[in-house]
Amino acid sequence: MYPEAIYNRVIGLLVSQRDLDLQGVFATELTAYPPSMFAPDGTMRIATGKATLKKNLQVEISQRNALTPTAIVVDVSALLWTVEWPVQGTVETFITTFKLWLSERLTESDVYLCFDRYHDYSIKSSTRNSRSMTARVYNLTLQTRLPSRDAILKNYKNKVQLNKLLCQHILTDDTFLEAVTDSHVLIVTGE
């Protein structure tokens with residue numbers, strides 16, 4: 034529906050002498066799409082306020098006042114930006130580093146690893162597509178030389194591959210799982 038059509042309908046209602054609350058009509062945007070979220074061509078506008086919100090919510094507490102958690106819930110996509118990223122090595126080197134980080138957390142408490150799901154035509158797909166235009170798509174295997182953090186994480190197709198490799202090599206490594214889950218539980222969610 035076009036804004037002109039909406040406007041014409043409001044004028045038609047006014048002329049028809051129907052009881053019409055103009056304040057209510059003009060309290061909402063008279064467009065076929067919310068312009069704060071979408072450009073006129075239908076593409077979604079990219080939000081940039083997420084980092085600001087995260088910084089506002091972030092708090093620091095004294096280590097001596099912090100209780101030992103019973104569970105740690107990990108947003109893996111956020112963690113990938115902060116975990117040590119080997120300068121040299123392969124994807125397997127990174128997975129080993131990730132598993133070391135995970136094993137340290139599992140000595141303290143249960144761990145819930147939450148991997149992102151990447152569905153085509155989701156509300157976030159247009160944002161992901163526009164962000165990924167600047168980064169090359171790699172064919173990641175265990176023996177692939179590890180690209181830079183930005184090269185992997187700025188293209189969702191690379192992140193999907195890395196997530197699958199991480200899941201596969203954590204969940205199929207029985208020796209690792211037996212060693213790290215003797216006193217705490219590991220739960221993995223995602224694709």
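Here the sequence shown stands for residues 34 to 224, numbered as in our numbering. Where a beta carbon is used, it is the ideal one built from N, C-alpha and C, also for glycine.
As assigned by DSSP and simplified to three states, the class of residue i
i, result
"Asp206", "coil"
"Val106", "strand"
"Leu219", "strand"
"Tyr189", "helix"
"Val144", "strand"
"Arg169", "coil"
"Arg138", "helix"
"Met34", "With a pLDDT of only 48 at Met34, under the threshold of 50, the placement of this residue in the model should not be trusted, and no figure is reported."
"Arg51", "coil"
Closest by C-alpha distance to residue i, when choosing among the options
i, options, result
"Trp114", "Ala212, Leu195, Asp206 and Leu186", "Leu186"
"Gly223", "Val124, Gly122 and Leu204", "Leu204"
"Val218", "Phe209, Val144 and Thr208", "Val144"
"Asp206", "Lys132, Glu37 and Val116", "Lys132"
Residue i versus residue j - alpha carbon distance
i, j, result
"Met34", "Val107", "Residue placement at Met34 cannot be trusted, given a pLDDT of 48 that sits under 50; what the coordinates show is reported in the next sentence. Computed Cα separation, rounded: 43 Å."
"Ile128", "Gly57", "56 Å"
"Pro180", "Asp54", "59 Å"
"Ala104", "Ser110", "18 Å"
"Cys147", "Arg178", "26 Å"
"Tyr171", "Thr123", "13 Å"
"Thr208", "Arg150", "27 Å"
"Trp118", "Leu112", "11 Å"
Closer than 7 Å to chain D by CB, residue i
i, result
"Asp52", "Absence of chain D from the displayed structure is noted, only one protein chain being present."
Check whether residue i and residue j have beta carbons under 7 Å apart
i, j, result
"Val213", "Leu139", "yes"
"Pro102", "Ser142", "yes"
Integer-rounded CB distance, given that residue j should sit under 8 Å from residue i
i, j, result
"Gln176", "Glu125", "7 Å"
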